[in-house]
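Enquirer: The working numbering puts the first residue of the sequence shown at 169, with every later residue one more than the last. For every residue, glycine included, the Cβ atom is placed at its ideal position computed from N, Cα and C.
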Amino acid sequence: LARRKWIREMDETLKMVEWSRTDKLSIELAVFLLACYVLLSFLFLCFNKQIINRALLANRRAIAKLFFNLMKMELKRELSHRLKWQDKVKDWRLLQKNNVLQSFREFMASEEIQNPPAVQQEVENMIENHIFLNERRVEFLQHLGHLLPPTHTKAEMNEWYESLVDLNSSIGKEGNCKTSLDLSFPGRRDLKELAKQNEQNCRELYSYFQEAIALWDVHQLKLSYQEDELKQKLDECRWRQDNFIQVKTSEYGMI
Numbered sequence: 169l170a171r172r173k174w175i176r177e178m179d180e181t182l183k184m185v186e187w188s189r190t191d192k193l194s195i196e197l198a199v200f201l202l203a204c205y206v207l208l209s210f211l212f213l214c215f216n217k218q219i220i221n222r223a224l225l226a227n228r229r230a231i232a233k234l235f236f237n238l239m240k241m242e243l244k245r246e247l248s249h250r251l252k253w254q255d256k257v258k259d260w261r262l263l264q265k266n267n268v269l270q271s272f273r274e275f276m277a278s279e280e281i282q283n284p285p286a287v288q289q290e291v292e293n294m295i296e297n298h299i300f301l302n303e304r305r306v307e308f309l310q311h312l313g314h315l316l317p318p319t320h321t322k323a324e325m326n327e328w329y330e331s332l333v334d335l336n337s338s339i340g341k342e343g344n345c346k347t348s349l350d351l352s353f354p355g356r357r358d359l360k361e362l363a364k365q366n367e368q369n370c371r372e373l374y375s376y377f378q379e380a381i382a383l384w385d386v387h388q389l390k391l392s393y394q395e396d397e398l399k400q401k402l403d404e405c406r407w408r409q410d411n412f413i414q415v416k417t418s419e420y421g422m423i
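1. Leaving out the 5 sequence neighbours to the left and right, which residues in its chain are closer than 8 Å to Asn336 when beta-carbon positions are compared?
2. Measure the CB-CB distance between Ser331 and Leu301 and report whether it falls below 7 Å.
3. Looking at the structure shown, is Pro284 part of a helix, part of a strand, or coil, going by DSSP?
4. Can you have a look at Phe275 and say buried or exposed, based on whether 16 or more other CB atoms are within 10 angstroms of its CB?
5. Asn266 to Thr181, Cα distance in whole Å?
6. Taking the C-alpha atoms as reference points, what is the distance between Lys183 and Leu238?
7. Going by DSSP in three states, Ser278 sits in which element: helix, strand or coil?
8. Suppose contacts are defined by Cβ-Cβ distances below 7 Å. Is Tyr376 in contact with Tyr329 by that definition?
9. For Thr413, count the other beta carbons within 10 Å of its own beta carbon; 16 or more makes it buried, fewer makes it exposed. Which is it?
10. With a 10 Å radius around its C-beta and 16 neighbouring C-beta atoms as the bar for buried, classify Ile381 as buried or exposed.
11. Mind reading off the beta-carbon distance from Asn227 to Glu177? Whole number of angstroms is fine, and I expect it under 8 Å.
12. Roughly how many angstroms separate the alpha carbons of Val386 and Glu292, rounded to a whole number?
13. Less than 7 Å between the C-beta atoms of Phe115 and Asp179, yes or no?
14. What's the C-alpha gap between Arg273 and His298?
15. Note down the Cα distance separating Leu391 from Gln409, rounded to an integer number of angstroms.
This is the structure in C-alpha cells:
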C-alpha cells in the first residue's frame, strides 16, 4: 500500500510538472506570436508549436507508461509476496498440526491414560463384586434343593426365582461394564452367550421344579381324596361293626 501510494504521488507530481511546463510554453508561444509580424516567422512559430505539442504528448505518454509499468511491477511483487505468505502460512499450520498430533500421541501413550489408577481400582471392585454375585448365585441354586414340598410352597418357589432373575441381571450388568472397559477382550461374545445360556438354564430349572410342585399338588390332592375315601370306608366299617356288636349283645341278652 505504501509503494502504491508513492507511485500515485509520483505520477501526480510528474503530471503537475508537465502541466506547469505546458502552461509556461503556452505563455511563451503567445508572446512570440504577438511579437511576430512576418509570415515566415509565424509559420516557423506554428511549426515549432506543433513540435512542442508532440513533445508534450510524448512526455505524457511516457509518464502514463511509467505509471503503468510501476503499478504492474508492484502488483507482481505483491502477488509474489502473497503466494510466499500463503506457503508460509500453510507450512506453519502443518507444523502446528504435527505438534498437536505429537502432543496428543504422547498424552495418550502416557501411563496415566493407558492405566489410570481410578479405572484399575474400579475394575478390581467390579471383579470382586462379580465373584461375590456368582457365589450368591451358587448359594441360590444350592438352596433350591431345600425348596421341596411339602415344607415349601409354590409362592416360595416364585419368590426364589424372582430373586435369581434379579441376581442374574446384576451379574450381566457387571459383565457388560467389564467387557466395555476392555474393548479388545477376545471372549466378550462368549461371555454374552454364556450369560444367555445361564439364564436359559435357570428358566428350565425353574420350570422343572414348577412341574415337580404341580405334580406334588396333584399327588397330594389324590392322596387327600383317597384319604377321604379310606376314612369314609373306615367309618362305614366301624358303623357296621358297632351294629353287629349291638345285635350280638341283644341276642346274648335274650338267651
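Expert: In short, the structure shows the following:
1. Arg305, Ala363, Asn366, Glu367 and Cys370
2. The answer is no: Cβ separation not under 7 Å.
3. coil
4. exposed
5. 53 Å
6. Cα to Cα, the separation comes out at about 15 Å.
7. coil
8. no
9. For the record, residue 413 in the displayed sequence is Ile; it is not Thr. So Ile413 ends up on the exposed side.
10. buried
11. Not quite, the Cβ-Cβ distance comes to about 18 Å (not below 8 Å), so this is no contact.
12. If you draw a straight line from the Cα of Val386 to the Cα of Glu292, it is about 50 Å long.
13. Given that the chain is displayed from residue 169 to residue 423, the structure contains no residue 115 and the question cannot be resolved.
14. Note on geometry: alpha-carbon atoms of Arg273 and His298 lie some 34 Å from one another.
15. One C-alpha to the other measures close to 26 Å.
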